[in-house]
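Presented below is the structure to which this report refers.
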Amino acid sequence: MAVRREKAERLADEELMPLVGRKDPEAFEVLFDRHGGAAYSLAYRIVGDRAAAEEVTQEAFISVWRSGARFDAARGSVRSWLLSVVRNRAIDFLRSRAGKAPKLTFDDDSALEQRPARERTEEEALQRETSAELRGALGKLPGEQSKVIELAYFGGFSHSEIARMLNLPMGTVKGRMRLGLEKIRGDLAEGLA
Amino acid sequence: MNASDHNRWSEDLAAFVLGALEREEAAAVERHLEDCSRCQEEMRWLQPALQTLPESVERLEPPPQLRQSLMAEVRADARAETAAERPARTRSWGWLLKPAAGFAVVALLVAGVVGYEVGKDGSGGGGTTVERQVGGINVKMVQEGNSGTLQLAGVHQLPPDKVLEAWVEREGQVEAVPALFVPDREGQAETRIADMSGVAVVMVTEEPQGGSDQPTGEPIMTMAVPQ
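Residue numbers (the numbering used here), protein chains in the order written: chain A, 1 to 193; chain B, 194 to 420.
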């Protein structure tokens, strides 16, 4: 039997998940009301279009509704799990829109020239990451570190793709990712992020 | 494992956490993580940094129709699940005789005498398509085998607390179609009817969020289904 909305509102996310797993719409609605805004904002940040962000968010939450049992409390909070589902959906959407398989396989300039749609997508992504206003912990990083992290997390690009886009050695890209995440982590530990 | 071995894997961990390794590289890191407690510890240490990234984006208010449409689908799912767990319930046409629903009777009678545009669809799959215009709404009923898709165009926007609910009449009994639906911004709405066998009439009403056990208002469209 479904719990009443008032009762569901008093439950922690981790307590709502078993109810969602038993197909309780009230519990699910509370979950959406708590995290739907962050989910939609993240989807919009990745796909760059409100209608697409709406579609991605809805698909992500429906997948959570239909597979709520997959949440593993040992691996993090409900919110971070939900947002990772949204992020993955949004990246899949970007890739399907670019009309390509999940990861690039070409590795030379001539192949790149044969992929105009993908090339445009990369240019758009670079432009978006450059122009986006950085907030929170990410905004405190040096630009060279935040850019590679944003291209990976919000653009769904691999380190080798980013290396080609920025004309950098792959080791440099991985190094900047690591330095950036360590800096954010260090700030978190010091309560600065 | 010596220190340089560990450092080599350690270099990849940030890219791994960000999902930025190629598939084969990621698989290799996963295999290494199974046996390397130092890398496991580093992974756990980096995870909170990853979790700040989605929180760093500019916060937008989700559009109201997102919640409306999502919850309509969720409630329809829950209703279908409940229905599957209990014997099928059917209802009589008695409600049609209520004054508030008089329009439905008229509409059904009209549907009985107005001709249909019936044709085979273009997919080559042997489906049947019926198209009509009812009260300013373009109605398209596509039947494929035993199931059907009801497509509406020109539907007015609903208040946030309302959804569309479809009903079918089968052997003189009215049954609710489990999937509730809402029109998009262009006024297009679509729902699927899983079992079209014996269905004589399809109707759509506007209902409160979560749907109703019986139609509570005048239908926005009714259509007789050619047998």
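Yeah, the Cβ is synthetic: ideal placement off N, Cα and C, and Gly gets one too.
For residue i, the first and last residue of its enclosing alpha helix (DSSP H)
{"i": "Ala219/B", "result": "Arg216 to Asp228"}
{"i": "Arg50/A", "result": "Arg50 to Arg66"}
{"i": "Asn88/A", "result": "Val78 to Arg97"}
{"i": "Val370/B", "result": "Element bounds for Val370/B: n/a, residue is neither H nor E."}
{"i": "Lys183/A", "result": "Met170 to Ala189"}
{"i": "Pro25/A", "result": "Pro25 to Val47"}
{"i": "Glu378/B", "result": "The sequence given here has Arg at residue 378/B, not Glu. Run containing Arg378/B: none; DSSP gives neither H nor E here."}
{"i": "Glu15/A", "result": "Asp13 to Gly21"}
{"i": "Ser160/A", "result": "His159 to Leu166"}
Enclosing beta strand (DSSP E) for residue i [first to last residue]
{"i": "Gln145/A", "result": "Element bounds for Gln145/A: not the beta strand (DSSP E) but the alpha helix (DSSP H), Gly143 to Tyr153."}
{"i": "Met414/B", "result": "Pro412 to Ala417"}
{"i": "Lys140/A", "result": "That residue, Lys140/A, is in no beta strand (DSSP E); it is neither H nor E in DSSP."}
{"i": "Glu400/B", "result": "Val392 to Pro401"}
Among the options, the one whose alpha carbon lies nearest that of residue i
{"i": "Gly181/A", "options": "Ile162/A, Gly76/A and Ile149/A", "result": "The amino acid at residue 181/A is misidentified as Gly; the sequence shows Leu. Answer by Cα proximity: Ile149/A."}
{"i": "Glu258/B", "options": "His225/B, Gly403/B, Met414/B and Arg378/B", "result": "As written in the sequence, residue 258/B is Gln, which differs from the Glu given in the question. It is Arg378/B whose Cα lies nearest to the Cα of Gln258/B."}
{"i": "Val64/A", "options": "Val370/B, Leu263/B, Gly410/B and Trp360/B", "result": "Leu263/B"}
{"i": "Asp92/A", "options": "Tyr153/A, His35/A and Gly37/A", "result": "Tyr153/A"}
{"i": "Ser340/B", "options": "Ala207/B, Val418/B, Arg252/B and Val222/B", "result": "Val418/B"}
{"i": "Asp228/B", "options": "Glu274/B, Val392/B, His199/B and Leu253/B", "result": "His199/B"}
{"i": "Phe61/A", "options": "Ser405/B, Ala265/B and Arg363/B", "result": "Ala265/B"}
{"i": "Asn88/A", "options": "Pro371/B, Pro408/B, Arg363/B and Leu211/B", "result": "Leu211/B"}
{"i": "Ser146/A", "options": "Ser84/A, Tyr40/A, Asp13/A and Val173/A", "result": "Val173/A"}
{"i": "Ala372/B", "options": "Gln326/B, Met414/B, Arg385/B and Cys232/B", "result": "Arg385/B"}
{"i": "Gln336/B", "options": "Glu248/B, Met236/B, Asp388/B and Leu239/B", "result": "Asp388/B"}
Cβ-based burial, residue i [other Cβ within 10 Å; buried from 16]
{"i": "Asp205/B", "result": "buried"}
{"i": "Ser390/B", "result": "exposed"}
{"i": "Ala271/B", "result": "buried"}
{"i": "Ser96/A", "result": "exposed"}
{"i": "Glu54/A", "result": "buried"}
{"i": "Arg252/B", "result": "exposed"}
{"i": "Thr275/B", "result": "exposed"}
{"i": "Ser230/B", "result": "exposed"}
{"i": "Glu358/B", "result": "buried"}
{"i": "Glu400/B", "result": "buried"}
{"i": "Glu6/A", "result": "exposed"}
Close Cβ partners of residue i (< 7 Å) along its chain, the five nearest in sequence each way excluded
{"i": "Asp33/A", "result": "none"}
{"i": "Ile28/A", "result": "Per the sequence presented here, residue 28/A reads as Phe, with Ile not at that position. Cβ within range, chain order: Val20 and Trp65."}
{"i": "Glu364/B", "result": "Gly391"}
{"i": "Ala71/A", "result": "The residue you asked about is not Ala; residue 71/A is Phe in the sequence shown. The residues are Met17, Val78 and Trp81."}
Cutoff 6 Å; reference residue i; Cβ partners in own chain excluding five residues on either side
{"i": "Gln344/B", "result": "Lys333 and Glu383"}
{"i": "Gly347/B", "result": "Gly329, Ile330, Asn331 and Gly380"}
{"i": "His225/B", "result": "Trp202"}
{"i": "Gly191/A", "result": "none"}
Spatial neighbours of residue i in its chain, beta-carbon cut-off 8 Å, leaving aside the 5 residues before and after
{"i": "Lys183/A", "result": "Lys140, Leu141 and Gln145"}
- Message: Going residue by residue through the segment 322 to 357 of chain B, where are the continuous alpha helix (DSSP H) segments of at least 4 residues, counting only ones entirely within it?
- Response: none
- Using a Cβ-Cβ cut-off of less than 7 Å, give me the residues of the segment 44 to 70 of chain A that come near chain C, in sequence order. Of the protein chains in the structure, A and B, none is chain C.
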